[in-house]
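Going by the working numbering, the sequence shown opens with residue 9, and the numbers climb by one from there.
Glycine is no exception: its CB is placed at the ideal position from the N, C-alpha and C atoms.
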Amino acid sequence: MNAKRVIYFDCFSGISGDMILGAFVNLGVDLKEIREGLKSLNIKGYKLT
């Protein structure tokens, strides 16, 4: 069974994209899944390594 997971960011003083991506990787999210999610945003000019 695939359970949905929810993440909540309490960004009272801000957060940057690299912090979010780093947190996802640290939690064990597959980098391939992150890339697929970012593709759906249709954002150009970034590179994940």
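- A Cβ-Cβ separation of about 12 Å leaves phenylalanine 32 out of contact with isoleucine 23 under the 8 Å criterion.
- The C-beta distance from leucine 56 to leucine 35 rounds to 16 Å, too long to meet the 8 Å contact threshold.
- Annotation: arginine 13 is outside any alpha helix (DSSP H) and is labelled neither H nor E by DSSP.
- C-alpha of lysine 52 to C-alpha of methionine 27: approximately 19 Å in a straight line.
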